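Step one of this worksheet: look at the structure below.
Numbering (the UniProt record's numbering), first residue to last: 1 to 421.
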């Protein structure tokens with residue numbers, strides 16, 4: 001099987017990224033016909049660093065355009081996402097069709113709902129400019145970096161104000177989704193996480209990863225002073241528990257409240273606009289490849305556990321949930337949502353009900369957030385039992401960044417009874 005670098009080189013050297021490809025992008029972006037301009041130069045560079053993206057490769061393209069009428073030069077900045085993985089599970093996961101569906105049918109609808117019913121101008125993500133499926137699966141988006149947005153350091157995490165800004169916007173995102181679910185039944189078939197439940201079995205190529213991750217975590221926790229009781233509680237957890245926990249968030253809340261979850265809202269899939277005074281003014285969400293319908297706590301767990309600075313998230317956990325719930329409730333009322341709105345207590349209960357999912361996120365994703373090694377981590381890496389041995393996973397979990405987060409969070413989980421299985 002070709003490596004990610006080889007796949008990337010093959011893609012970049014293919015006939016896909018030809019003159020016609022970029023001319024069509026300029027036509028779409030500048031609303032011009034091709035006889036009104038000429039593409040002079042295209043510069044392509046990686047948009048993300050090593051171990052920053054796992055389901056696709058992402059490139060930044062800067063297109064230098066000459067406008068004939070005004071004799072001026074303009075730059076058109078776009079992001080090109082390509083799905084290159086050959087893993088059968090990834091293809092069956094339908095991540096590319098799902099993201100296309102979100103961009104075509106969901107994001108703009110959310111923005112329109114809030115504009116029409118709440119009189120609020122809001123943008124959730126970049127504009128989709130082009131979609132292609134053959135010979136490569138490609139999505140082309142506006143480059144938010146050209147609009148002043150930036151990614152933040154995944155190893156450090158977002159601060160208190162940035163976290164609240166994300167949670168506030170997520171509340172509006174979820175409110176619009178709850179309304180849309182009520183009105184349009186057909187979206188369920190595109191966003192049902194249960195449709196690929198058959199891929200998560202003990203025969204799956206990813207199952208050995210769960211076995212090794214859990215064994216490695218248990219080994220590391222055993223060595224920590226003052227964690228004996230926590231170690232005993234973790235000993236009850238099985239690889240099957242962790243693997244099947246992936247589907248916990250698809251279950252609605254006790255009041256049957258459901259939203260459209262972003263599904264992958266960790267720090268690398270959120271961009272921040274920070275002004276000259278260091279104040280974060282806005283955020284945008286990226287990468288809707290594993291979006292799904294279910295409990296809003298799916299997104300809350302994923303964002304808070306993985307993306308907020310470790311000290312900040314344990315000290316301000318309750319404030320975060322209250323911030324989110326306030327915006328969710330307010331937005332649902334403004335949008336005239338006629339279903340039952342979950343109470344703040346119900347949201348707290350959801351964290352307990354879906355505690356195995358929270359631990360699985362910490363187990364399988366957090367080490368990537370904190371990873372600072374030189375090894376290239378890809379989905380193929382995770383699926384190859386000969387590469388990710390238990391010994392290697394133990395080393396990952398002993399990474400200083402991860403270990404600091406682990407100690408804080410396991411104590412937090414214990415206090416909340418999230419380790420009582």
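C-beta atoms are modelled at their ideal positions from N, C-alpha and C, and glycine is treated no differently.
Source: prediction; values computed, not measured.
Measuring straight from C-alpha to C-alpha, what distance separates residue i and residue j?
i: residue 401; j: residue 338; result: 45 Å
i: residue 109; j: residue 173; result: 11 Å
i: residue 18; j: residue 143; result: 19 Å
i: residue 243; j: residue 296; result: 20 Å
i: residue 165; j: residue 270; result: 11 Å
i: residue 181; j: residue 359; result: 28 Å
i: residue 323; j: residue 34; result: 48 Å
i: residue 74; j: residue 292; result: 39 Å
i: residue 199; j: residue 32; result: 45 Å
i: residue 412; j: residue 318; result: 12 Å
i: residue 133; j: residue 96; result: 9 Å
i: residue 12; j: residue 223; result: 47 Å
i: residue 354; j: residue 345; result: 14 Å
i: residue 349; j: residue 362; result: 19 Å
i: residue 249; j: residue 170; result: 16 Å
i: residue 202; j: residue 215; result: 16 Å
i: residue 129; j: residue 404; result: 41 Å
i: residue 72; j: residue 100; result: 34 Å
i: residue 255; j: residue 298; result: 16 Å
i: residue 112; j: residue 42; result: 34 Å
i: residue 27; j: residue 98; result: 26 Å
i: residue 47; j: residue 147; result: 15 Å
i: residue 20; j: residue 189; result: 35 Å
i: residue 219; j: residue 209; result: 15 Å
i: residue 235; j: residue 204; result: 23 Å
Please list, in chain order, all residues of the same chain as residue i whose beta carbon is under 8 Å from its beta carbon, the five residues on each side excluded.
i: residue 352; result: 416, 417, 418
i: residue 266; result: 154, 302, 303, 306, 307, 365, 369
i: residue 233; result: 414, 419, 420, 421
i: residue 372; result: 155, 399, 401
i: residue 14; result: 135, 136
i: residue 389; result: 212
Would you mind stating whether residue i and residue j have Cβ atoms separated by less than 9 Å?
i: residue 237; j: residue 332; result: no
i: residue 103; j: residue 131; result: yes
i: residue 230; j: residue 414; result: yes
i: residue 221; j: residue 406; result: yes
i: residue 80; j: residue 139; result: yes
i: residue 428; j: residue 176; result: The displayed coordinates of the chain run from 1 to 421. Any statement about residue 428 would go beyond what the structure contains.
i: residue 340; j: residue 294; result: no
i: residue 117; j: residue 334; result: yes
i: residue 57; j: residue 8; result: yes
i: residue 76; j: residue 141; result: no
i: residue 185; j: residue 279; result: no
i: residue 125; j: residue 286; result: yes
i: residue 123; j: residue 284; result: yes
i: residue 260; j: residue 191; result: yes
i: residue 151; j: residue 268; result: yes
Any heavy atom of the ligand COA within a distance shorter than 8 Å of the CB on residue i?
i: residue 224; result: For the ligand COA, the structure offers nothing, since it holds no ligand at all.
Short of 7 Å in beta carbon distance, which residues of its chain neighbour residue i, apart from the five on each side in sequence? Order them along the chain.
i: residue 247; result: 193, 194, 197
i: residue 408; result: 310, 314
i: residue 253; result: 295, 342, 346, 350
i: residue 275; result: 281
i: residue 92; result: 196, 199
Counting only the same chain and skipping the five closest in sequence on each side, list residues whose C-beta sits under 6 Å from that of residue i.
i: residue 120; result: 114
i: residue 282; result: 273
i: residue 264; result: 287, 290
i: residue 83; result: 56, 96, 137
Residue i lies in the beta strand (DSSP E); which residues open and close that run?
i: residue 59; result: 57-67
i: residue 282; result: 280-285
i: residue 342; result: Note, residue 342: premise wrong, no beta strand (DSSP E); not H, not E.
i: residue 46; result: 37-46
i: residue 151; result: Note, residue 151: premise wrong, no beta strand (DSSP E); not H, not E.
i: residue 158; result: Where residue 158 is concerned, there is no enclosing beta strand (DSSP E), given that its DSSP letter is neither H nor E.
i: residue 142; result: 137-142
i: residue 271; result: 270-274
i: residue 292; result: 292-294
Quick one: give me the first and last residue of the alpha helix (DSSP H) that residue i is part of.
i: residue 228; result: 228-234
i: residue 82; result: Premise fails: residue 82 lies in the beta strand (DSSP E), 72-83, not in any alpha helix (DSSP H).
i: residue 322; result: 317-334
i: residue 132; result: Premise fails: residue 132 lies in the beta strand (DSSP E), 128-132, not in any alpha helix (DSSP H).
i: residue 22; result: 19-30
Could you check whether the segment 19-38 touches the segment 68-85, counting it as contact only if at least three pairs of C-beta atoms, one from each stretch, sit closer than 8 Å? Yes: the two stretches touch, three or more of their Cβ pairs being nearer than 8 Å.
At a cut of 8 Å, does the segment 323-331 reach the segment 391-398 through at least three beta carbon pairs? By the Cβ rule, the segment 323-331 does not count as touching the segment 391-398, because fewer than three pairs are nearer than 8 Å.
Below 8 Å, how does it come out for the segment 297-314 and the segment 156-165: are there three or more Cβ pairs, yes or no? Note that the segment 297-314 touches the segment 156-165; at least 3 beta-carbon pairs, one per stretch, sit closer than 8 Å.
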